[in-house]
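Read the structure below first, then the notes.
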Amino acid sequence: MDVFVPVACHPGYFVVQLWQDLHKLVVLMGEMVLYYNQTANTSRAVHIQKGEVYAAKIDKNWHRVQVKAVLSNGLVNVYELDYGKHELVSSTLIQPLIEEFRQLPLQAVAAQLAGVTRHHWSEEASMLFRNHVEKKALVAQVESVRDVPEVKGELWERRLAVYLVDTSLKQDLWIHSIMADIEDELSSAA
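In structure tokens:
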């Protein structure tokens, strides 16, 4: 399947979005900006609860977020459900997520690279991985899907194991092959 990788930490954790649904997300984001910017003057303070889903204004756009923690200084730690990033936002920039904006399935899906065995990656290896995949359109071949045990049943808490392929070059580049070569170099150096 065609995917876009908005965030990549290392081969053990990155986020994919389905390429075919990205235009729907762009439309949704535009509709959320229009709606929440119009209602901003009339909105009231929101009772924010950890684990709940809201709309939050981040960098002039409104995003669908899940609250991870409410801090005592008026900031809220949120997870962007469509982009896979953690952010700190002011509690005054959080509003209820209306039903209309809950229709599109959440777009950020956590993934890990299939075909590699290492669980701890050096900063250099992680940077190389990020440079190859982050903010790029790639092809993903799903090896497996598993639920993260702590949060069963939540779509965004599923983790895919995928092979990633960069097809933009003359010859397809399988990302796990590059990372496996690094694994071999790290193992022989140890």
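Using my numbering, you'd call the opening residue of the sequence shown number 387 and step up by one each time. Using N, Cα and C, we set each Cβ at its ideal position, and we do this for glycine too. All figures in this text were calculated on a predicted structure; none of them were measured in a lab.
Partner residues in a beta bridge of H505, as assigned by DSSP, do not exist. Secondary-structure assignment with DSSP links A497 through a beta bridge to F400 and L546.
The beta carbon of V528 sits closer than 7 Å to those of L546 and V548, all from its chain and outside the five residues before and after it, given in chain order. Burial is judged here by how many other beta carbons sit within 10 angstroms of a residue's own beta carbon; G470 has at least 16 and is buried.
The region 503-514 and the region 409-419 do not touch, with fewer than 3 CB-CB distances between them shorter than 8 Å. Looking at the DSSP output, I480 shares a beta bridge with A442. With fewer than 16 other beta carbons inside 10 angstroms of its own, H433 counts as exposed.
About 10 Å separates the beta carbon of F400 from that of V389, a gap too long to meet the 8 Å contact definition. In this structure M565 is buried. Its beta-carbon is surrounded by 16 or more other beta-carbon atoms within 10 angstroms.
Residue range L461 to E466 is occupied by the beta strand (DSSP E) that includes L461.
L555 sits in coil when the DSSP states are folded into three classes, being neither helix nor strand. Assigned with DSSP and collapsed to three states, A431 falls in coil, not helix or strand. Rounded to whole angstroms, the gap between the alpha carbons of L474 and G501 is 34 Å. CA-CA distance, S554 to Q435, rounds to 43 Å. When R450, L524 and L420 are compared, the shortest CA-CA separation from L499 is found for L524.
Each of L550, D407, R430 and L479 was checked against the Cα of V419, and the nearest Cα belongs to L479.
Cβ atoms of Y465 and Q452 come within 8 Å of each other, at about 5 Å. Counting of Cβ neighbours within 10 angstroms places Q424 among the exposed residues, the total staying below 16. Sixteen is the threshold: since fewer than 16 other Cβ atoms of the shown chains lie within 10 Å of the Cβ of R430, the residue is exposed. When rounded, the separation of the alpha-carbon atoms in E485 and Y421 is 12 Å.
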